[in-house]
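To start, the structure under review is shown below, and the notes come after it.
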Amino acid sequence: MMKNIKYIAVIFVLAFTFSCEDFLKEDPKSLLTAQYLETESGVYSALWSSYSDLRYIYGGESAMNATCSGTDEWQKGPDGNANFNLYQTGMAADNAISGLWNWGYTGINTANAVIKFAPECGMPEAEVKKVTAEAKYIRATWYFLIVQTFGSCPLSLDFIQEPSTEAYRDPVTDVYAAIISDLEEAKTVLPAMEEEPGRADAAAATHLLAKVFLARATTSGANAASDYQQAYNNAMELINNKGTYGLGLEQDFEKVFEPRNEHGSEVIFTVERNTDILYNDAGNPSGAGSSSKNSITFMFFRPNYSAWGVGGLTRDIPYGRPWHRIRPTNYLLDVTFGERSDDTRYFKSFQTVWLLNDAAGITAPGFALGDTAAWLPGYENPPSARAVKIFPPSQYYNNNGQTMSVYPALSKFNDTDRPEVAESSVRPFIVHRFAETYLIAAEAAMYLDRPADAADMLHVVRDRAAYKADRSAAENVLAAQRMRNKVPDLSDKGAGIDFILEERSRELCGEYMRWWDLVRTRTGSGEVQLLYRVRNLISPVVYSDDGHIPAYANIRDTHVLRPIPQGQIDLTSNEFPQNPGY
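In our numbering, the protein residues as written are 6 to 587.
What follows is the structure in structure tokens.
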């Protein structure tokens, strides 16, 4: 949408674009100047632009590569990035995640402009406080993404109007202190519930603050006990006062990701998009004039079903455009989602059945439009079924050397409102939701030696996971009880954290956060979970690599940070150190 701030060499901005009064809309014909920023309309234009900058990440490929690639959940798909999925030596020179850094500093300086000019533009004091708090929420969001990914980084809390070729990395402790300060102010100033979708409120600030404390606790020099207590307190503020904040879990997990339900009671914060082609940064991401703010998440997790050799199965809007960047690991499918009877989340998160959708193209005798074109049962030697093709796991991409793009497709981001098959998504991107608040509270409680409280939080999430609309109420109660019975003894802290990480996968897989989850958590013996899990987790059903996650052979201790984009280093006039190991 808005093309804010251009960087010279490193960081800082020269111009914004003007936006309409309507939230997250833009008039691309006008440019914002420093003089215009001194007006109320200029400040609001900068604020809308600041929100729009979040589209660079939430829906894009840079953040997908940063958060999904090279984890226990996802591995390289046919057209995926080998460097980041397999921790190859080319990571530092690869620009696959550079957008997170470059666009992050664009967004930070846009927010800094709001913070600088809001008190000077003549708007009422109450509005000054509110728009400043919103800008600080956005600034904190960007710094949190950057510091988790890259570690120490330039910290700028002032609007930069003059370009500079100098930049210096500030300590992680300073960056976290700034993030927390911004969010503490935001949660105090902002309303509990924001009426306008996509704008930050106290619930969003409080949820994010809980995550920030959880992450800071394992950084060098942190007061872990205090941070875990603050993470727990902030999460419980939302849980204990959910009515005040307008929050509640959906009864059915499937409902959370139902298109057009992105503003339901479970959703805490979204990055907005809509169907208005003038303001949506949509269009064909491969076409002329495509925007880096395209929302194309639904494409990354899809196998190329149109190449399965099934006559009558063709690309369409419901099944989506398959860019097959990443596929679920065997461990995720066989272990994390191994229980699929009482726990309904596997079939509500993944597509495993494709129907014939092109009557003229059907070639299989006796099959008609709407019959099953392909079925992925999820296990070997399935019973006979009326399907043109059946693909057991041994035929998934990369299993036993298979090259066909076959695997279950993550369906959370499906979008049936796109105008054409090749078009980007028009759905808002759900960034934070209430189920994760319970999981944050559970994890913090484990570190605080409160296993019973952790179990209580897990039960809430797992009770909902057991709900199935076509079961009777009594059957759902029994399924929920069986789910509770499967929670292990949480008095073993290491085992408890392992279980919570598995639960986060079952609940949140694909939602742009897994790599960060794994670098902030530790095993019972103190090892970083990213390193431990990628190196050691094995699927019990061995197809290739002895059941290992493919990245296991290359991951090194230094991979707990991503590499600083080489462009940043090359264009900085002073010494700007790369992260160790790159």
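We put the CB at the ideal spot given by N, CA and C, even for glycine.
None of these values were measured; they are calculated from a predicted model.
For residue i, which of helix, strand or coil comes out of DSSP?
| i | result |
| --- | --- |
| L36 | Unreliable placement is indicated for L36, whose pLDDT of 49 sits below 50; the coordinate value is still reported in the next sentence. Reduced to three states, the DSSP call for L36 is strand. |
| K30 | Legend: pLDDT at K30 = 45, less than 50; position of this residue unreliable, value from coordinates given subsequently. Here K30 sits in coil by DSSP. |
| A87 | helix |
| R423 | coil |
| F258 | helix |
| V431 | coil |
| L415 | strand |
| H464 | helix |
| T249 | helix |
| I184 | helix |
| R144 | helix |
| W313 | coil |
| W108 | helix |
| A369 | coil |
| Y401 | coil |
| D175 | strand |
| A227 | coil |
| F274 | strand |
| V393 | strand |
| P582 | coil |
| A131 | helix |
| K491 | coil |
| K81 | strand |
| H268 | coil |
| I322 | coil |
| A378 | strand |
| I331 | strand |
| R455 | coil |
| D438 | In the sequence as displayed, the identity of residue 438 is Arg instead of Asp. If DSSP states are grouped into helix, strand and coil, R438 belongs with the strands. |
Report, in whole angstroms, the separation of the C-beta atoms of residue i and residue j, which I expect to be a contact under 8 Å.
| i | j | result |
| --- | --- | --- |
| G223 | E242 | Looking at the sequence provided, one finds Thr at residue 223 rather than Gly. Contact flag wrong, Cβ pair sits at about 22 Å. |
| V272 | I435 | 5 Å |
| G65 | S297 | 7 Å |
| N559 | L91 | 6 Å |
| Y402 | P308 | 7 Å |
| R489 | R467 | 7 Å |
| A215 | N239 | 4 Å |
| L105 | L150 | 6 Å |
Between residue i and chain E, is the shortest Cβ-Cβ distance under 7 Å, so that the two count as touching?
| i | result |
| --- | --- |
| E263 | Of the protein chains in the structure, only one exists, and it is not chain E. |
Quick one: residues in its chain with C-beta nearer than 6 Å to the C-beta of residue i, no 5 flanking neighbours on either side, listed in chain order?
| i | result |
| --- | --- |
| G383 | none |
| N601 | The shown model of the chain, from 6 to 587, leaves out residue 601, and the question about it has no answer. |
| E507 | T341 |
| G375 | L360 |
| W521 | Q153 |
| Y517 | A68, T72 |
| S430 | S300, F303, D420 |
For residue i, I'd like the list of residues in its chain whose CB is within less than 7 Å of its CB, leaving aside the five on either flank, ordered along the chain.
| i | result |
| --- | --- |
| A369 | G316, V393 |
| D206 | L195, P196, A197, M198, E199 |
| S354 | L415, S416, K417, C514 |
| N266 | K260 |
| I554 | D77, Q80, T334, Y336, V539, L542 |
| F306 | I331, A414, L415, G515 |
| Q583 | A97, P568, I569, I574 |
| T528 | G499, Q534, Y537 |
| A474 | D257 |
Only counting the same chain, and skipping five residues up and downstream in sequence, which positions put a Cβ closer than 8 Å to that of residue i?
| i | result |
| --- | --- |
| L219 | D232, Y233, A236, I445, E448, A449, R525 |
| I113 | R144, W147, Y148, S161 |
| Q256 | R469, Y472 |
| G586 | R561, D562, T563, H564 |
| F28 | Note that F28 scores 47 on pLDDT, short of 50, meaning its location in the model is unreliable; the coordinates nonetheless yield the value given after this. Same-chain partners within the cutoff: W53, Y56, E201, G203, R204, E277. |
| E377 | A small fix is needed here, since residue 377 is Thr in this sequence, not Glu. Hits under 8 Å: V358, W359, L360, L361, A390, R391, A392, V393. |
| G253 | K247, S270, E271, F439 |
**Request:** Tell me the start and end of each unbroken beta strand (DSSP E) in the stretch 500-579 that is at least 3 residues and wholly inside, in chain order.
**Result:** Listed in chain order, there is nothing to give.
> Are the stretch 536-546 and the stretch 567-574 in contact at 8 Å, needing three or more beta carbon pairs?
Replying inline: No, the stretch 536-546 is not in contact with the stretch 567-574.
- Jot down the residue ranges of each uninterrupted beta strand (DSSP E) in the stretch 333-362, minimum 3 residues, whole runs only, in chain order. Fully enclosed beta strand (DSSP E) runs of 3 or longer: 358-360.
Notebook entry, point to check: Taking three-plus beta-carbon pairs below 8 Å as touching, is the stretch 134-148 in contact with the stretch 178-195?
Noted result: Under the 8 Å Cβ criterion, the stretch 134-148 counts as touching the stretch 178-195, having at least three qualifying pairs.
Answer yes if the stretch 357-367 comes into contact with the stretch 305-324, meaning at least three C-beta pairs across the two stretches below 8 Å, and no otherwise.
-> Touching, yes, given that three or more Cβ pairs across the two stretches are closer than 8 Å.
If contact is defined by three or more beta carbon pairs under 8 Å, each pair taking one atom from either stretch, is the stretch 112-123 in contact with the stretch 160-172? These segments touch.
key: Cβ contact (3+ pairs, closer than 8 Å) linking the stretch 445-456 and the stretch 339-353   = Counting Cβ pairs under 8 Å, fewer than three are found: no touch.
Does the stretch 167-178 touch the stretch 573-580, meaning 3 or more C-beta pairs lie closer than 8 Å? Under the Cβ criterion (8 Å, minimum of three pairs), the stretch 573-580 counts as touching the stretch 167-178.
- [ ] Could you tell me which uninterrupted beta strand (DSSP E) segments, each at least 3 residues in length, are contained entirely in the stretch 42-66, listed from first to last along the chain?
- [x] Those beta strand (DSSP E) runs which fall completely within the stretch 42-66 and span 3+ residues do not exist here.
Quick one: any contact between the stretch 320-331 and the stretch 72-81, if contact means 3 or more CB pairs under 8 Å?
The stretch 320-331, when compared against the stretch 72-81, does touch it at the 8 Å Cβ threshold.
With a threshold of 8 Å, are at least 3 pairs of Cβ atoms found where one atom belongs to the stretch 128-137 and the other to the stretch 40-49? At 8 Å Cβ cutoff, the stretches touch.
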